[in-house]
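Numbering (our numbering), first residue to last: 109 to 694.
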């Protein structure tokens, strides 16, 4: 009958062997063991022995070498091999810190594993077999640190995929290791380029030719960085963080430079999600740990401290974004990406306040190409009740700018987002007090027609209508003219009447809740411009051939109704005047 303790130990060993989703993740564990052993550098390399004649498989050799403290017999017995069976020992119930990671080496099902190590004058060689049993012998040859070689049979076609995956795994888990790590593809056809062992970081200097198919030793690790459009770096006590913003967020946590977690899942942010979800960041601290399931970082006091540094960097990032945006706006560079990033960061009140405090900074560009600050845009809103947007230096946009000294901002989704998110917050927080309108939705640039440009019927109808309006409304009607709002097609797209100064050429469209609706009628004087091609005007023009005063009365009433600021008294007066002109009494 089998020993239940032995069965449990075998099950535990199997779980440790297969503890990672990808078999080659064992490389991370070996690197971690080397770092724990104090190695100043780590070298990983791959060799391949071609198949012998008549055979399909060659032998791949994966070497992981360090120059750390190494192991003596006691460490081997008590911290490395307690879960493995040997010819001399059968106790499978204990395992040490080196053994936990070392067991994962068997996930790739190696044909053999050779380990050579030395410490305290002892030098040892261990050969692990495919069934995970091992032989241990003492050797005379001195070993500096620990050298591990895995042997695995595979075809030449399998080799290329294996090498690339090994490179990827090392880069993923060890990209920011504090200890220099190199990877060397020494399979057939590899170009041998020696690395300066006295300066293992030298591989970072200069660019290696992309055309070289198989290089010499490659530097795996690199300084902490992020793939972001803009980033800032903060170091506080034993925490280092780099925080940036890009089109997609990414969150990375590192212990000793080894990857604990790199994810886009906001669960990794805990209660910091609202403030950090838009960011790309990496934070590095030797006290950070992953959870037992390795799918998240342990959110303890060390994690809280690290995230506090990320928050600090986030505010510095907002400052950097404001400066970068101002530079882009002033230089004529496309500022869209910086405006969009800043708008995303303004989701939270502290960043939004920082942006509004920088209201004199250039954040937008006008349709005329001039830098515009947030405060200047807000001044436009105070003046006419809306911030104007448009595209290009069109005649209308130029005319509005020249006539009213209003800045019209180049219209993009990013500009709208930034203007909306930075709007003053009323009591109802979700409601913005800032209105955004296209300039062409507020103003029209019609052609004001002179009397000699009208036909006789138009001149007669205009004269009668103006007389009736001035009699009914009085001095508040200064002028009534006819204009071309954009040809015959404007008859169905434009208003019947606009109010404005013909000498300034720009007219404001009537709109509910606009200028004409809230100013008392007795304080309002108007210069009316009638749309020559509006269907109602064309109908009254046709009617005027039969009865000019009746047509003028209908047109005048329609004009007043469009403005909708006069009371019933004015309409009664208008009818009285019209009846008189028609030879009737009221």
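Heads up, the beta-carbon is just placed ideally off N, CA and C, and yes, glycines get one too.
In this text, all values refer to a predicted model and were calculated from it rather than measured experimentally.
Beta carbon of residue i, beta carbon of residue j: below 7 Å?
i: residue 349; j: residue 271; result: no
i: residue 219; j: residue 160; result: no
i: residue 178; j: residue 290; result: no
i: residue 354; j: residue 337; result: yes
i: residue 153; j: residue 292; result: yes
i: residue 650; j: residue 591; result: no
i: residue 420; j: residue 342; result: yes
i: residue 451; j: residue 526; result: yes
i: residue 574; j: residue 588; result: yes
i: residue 380; j: residue 351; result: no
i: residue 384; j: residue 397; result: no
i: residue 212; j: residue 174; result: no
i: residue 248; j: residue 235; result: no
i: residue 634; j: residue 585; result: yes
i: residue 689; j: residue 657; result: yes
i: residue 357; j: residue 387; result: yes
i: residue 516; j: residue 494; result: no
i: residue 282; j: residue 347; result: no
i: residue 468; j: residue 483; result: yes
Which partner residues of residue i appear in the DSSP bridge assignment?
i: residue 474; result: 517
i: residue 276; result: For residue 276, which the question treats as bridged, DSSP gives no partner whatsoever.
i: residue 245; result: 233
i: residue 339; result: 352
i: residue 741; result: The question about residue 741 has no answer here: the residues shown for the chain are numbered 109 through 694.
i: residue 254; result: 174 and 225
i: residue 327; result: 290
i: residue 530; result: Its beta-bridge partners do not exist; DSSP assigns none.
i: residue 168; result: 156 and 260
i: residue 556; result: 591
i: residue 615; result: 552 and 608
i: residue 544; result: 495
i: residue 344; result: 347
Closest to residue i by C-alpha separation, out of the options, would be which residue?
i: residue 567; options: 690, 137 and 645; result: 645
i: residue 427; options: 244, 340, 229 and 544; result: 340
i: residue 134; options: 224, 377 and 275; result: 275
i: residue 345; options: 554, 157 and 410; result: 410
i: residue 269; options: 286, 245, 295 and 252; result: 295
i: residue 594; options: 496, 181, 555 and 213; result: 555
i: residue 168; options: 391, 662, 387 and 216; result: 216
i: residue 184; options: 230, 440 and 414; result: 230
i: residue 604; options: 643, 180 and 399; result: 643
i: residue 479; options: 596, 375, 490 and 441; result: 441
i: residue 447; options: 422, 473 and 145; result: 473
i: residue 706; options: 235, 506, 149 and 663; result: For residue 706 there is no data in the structure shown, the boundaries of the chain being 109 and 694.
i: residue 523; options: 139, 497, 510 and 511; result: 497
i: residue 267; options: 458, 459, 170 and 656; result: 170
i: residue 279; options: 454, 330, 444 and 436; result: 330
i: residue 601; options: 641, 577 and 570; result: 641
i: residue 163; options: 686, 240, 263 and 499; result: 263
i: residue 582; options: 239, 360, 158 and 682; result: 682
i: residue 550; options: 559, 437, 569 and 509; result: 509
Along the chain, where does the beta strand (DSSP E) that runs through residue i open and close?
i: residue 570; result: Here residue 570 belongs to no beta strand (DSSP E); instead the alpha helix (DSSP H) covers 564–581.
i: residue 175; result: Counting along the chain, residue 175 falls outside any beta strand (DSSP E), and DSSP gives it neither H nor E.
i: residue 348; result: 347–353
i: residue 592; result: 585–592
i: residue 479; result: 479–481
i: residue 290; result: 289–293
i: residue 221; result: 220–227
i: residue 498; result: 495–498
i: residue 634; result: 634–639
If you follow the alpha helix (DSSP H) that residue i is part of, which residue opens it and which one closes it?
i: residue 462; result: 457–465
i: residue 143; result: 134–144
i: residue 507; result: 503–512
i: residue 263; result: Premise fails: residue 263 is in no alpha helix (DSSP H) and is neither H nor E.
i: residue 547; result: 547–550
i: residue 153; result: Note, residue 153: premise wrong, no alpha helix (DSSP H); beta strand (DSSP E) at 150–157.
i: residue 605; result: Here residue 605 belongs to no alpha helix (DSSP H); instead the beta strand (DSSP E) covers 605–608.
i: residue 357; result: Looking at the DSSP string, residue 357 is not in any alpha helix (DSSP H), and its letter there is neither H nor E.
i: residue 648; result: 643–651
i: residue 688; result: 676–689
i: residue 447; result: 444–453
i: residue 162; result: Where residue 162 is concerned, there is no enclosing alpha helix (DSSP H), given that its DSSP letter is neither H nor E.
Any chance you could list the alpha helix (DSSP H) runs of at least 4 consecutive residues sitting entirely within the stretch 371–442, in chain order?
381–384 and 409–439
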